[in-house]
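Presented below is the structure to which this report refers.
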Amino acid sequence: MVQQLQALNRRAQLLVLIDAYAPDLHIQALDSDHDWRSVLKHGLMLKAAKPFIRMDRRMPTIHHHHIIHVYDKAIRMYKAKPYEGAMMILKAMDAWGPDDLGWSTLSRQLLDIRRVPGDHYSMIKEPHVAELAPVFEERLARIATTS
Numbered sequence: 773m774v775q776q777l778q779a780l781n782r783r784a785q786l787l788v789l790i791d792a793y794a795p796d797l798h799i800q801a802l803d804s805d806h807d808w809r810s811v812l813k814h815g816l817m818l819k820a821a822k823p824f825i826r827m828d829r830r831m832p833t834i835h836h837h838h839i840i841h842v843y844d845k846a847i848r849m850y851k852a853k854p855y856e857g858a859m860m861i862l863k864a865m866d867a868w869g870p871d872d873l874g875w876s877t878l879s880r881q882l883l884d885i886r887r888v889p890g891d892h893y894s895m896i897k898e899p900h901v902a903e904l905a906p907v908f909e910e911r912l913a914r915i916a917t918t919s
């Protein structure tokens, strides 16, 4: 999204990535997690999801799997470009991967990396989400004083 803004000569004050892997690291994580069981599960879940998607009906677990599948395909096709603006990474303490989540190779500025409690899912739920608000407030206040 920020790349699209840049192409329109618009600029975001801050890009915040909430426990999101850079495309190359995301692909590395996907590829390291493939075995015959995951391939079988993937095939079965997609087959089960198709009728629900065609009828525009949701079956949460299957629908979620389909969304992840589409996202994974998009990540493999996306050609990431370096980003010139400010980036803040909120990394879940219990999540896999380096603190920069692979973004340092795409950032032209020093990354603001914050480790927050929880894992990828629990970091945005109580009680951990309460620790995200002060991080945002502090960074937004800093932007407001420098603008």
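Quick note: the sequence shown uses my numbering, first residue 773, plus one each step. Heads up, the beta-carbon is just placed ideally off N, CA and C, and yes, glycines get one too.
Query: Would you mind reading off the limits of the beta strand (DSSP E) that contains V774?; Result: First-last for V774: 774-779, but that is the alpha helix (DSSP H), not the beta strand (DSSP E).
Query: Per DSSP, what are the beta-bridge partners of Y855 in this structure?; Result: S879
Query: Determine the direct distance from the alpha carbon of P889 to that of S879, and round the result to whole angstroms.; Result: 24 Å
Query: Rounded to whole angstroms, how far is the Cβ of Q775 from the Cβ of K853, which I believe are closer than 8 Å?; Result: 6 Å
Query: With a threshold of 7 Å on Cβ separation, who are the neighbours of R783 within its own chain once the five nearest residues in sequence on each side are excluded?; Result: L777, G857
Query: Leaving out five residues on either side along the sequence, give the residues of the same chain with a beta carbon under 7 Å from the beta carbon of D891.; Result: A864, D866, A867
Query: From the DSSP output, read off the bridge partner residues of K863.; Result: R887
Query: Closest by CA to V907, which one among V788, Y843, N781?; Result: V788
Query: Determine whether the beta carbon atoms of W875 and A794 lie at a separation below 9 Å.; Result: yes
Query: Which first and last residues belong to the beta strand (DSSP E) in which L787 is found?; Result: 787-790
Query: Taking buried to mean at least 16 other C-beta atoms within 10 Å of its own C-beta, is L873 buried or exposed?; Result: buried
Query: So, using beta-carbon positions, are I790 and L883 closer together than 9 Å?; Result: no
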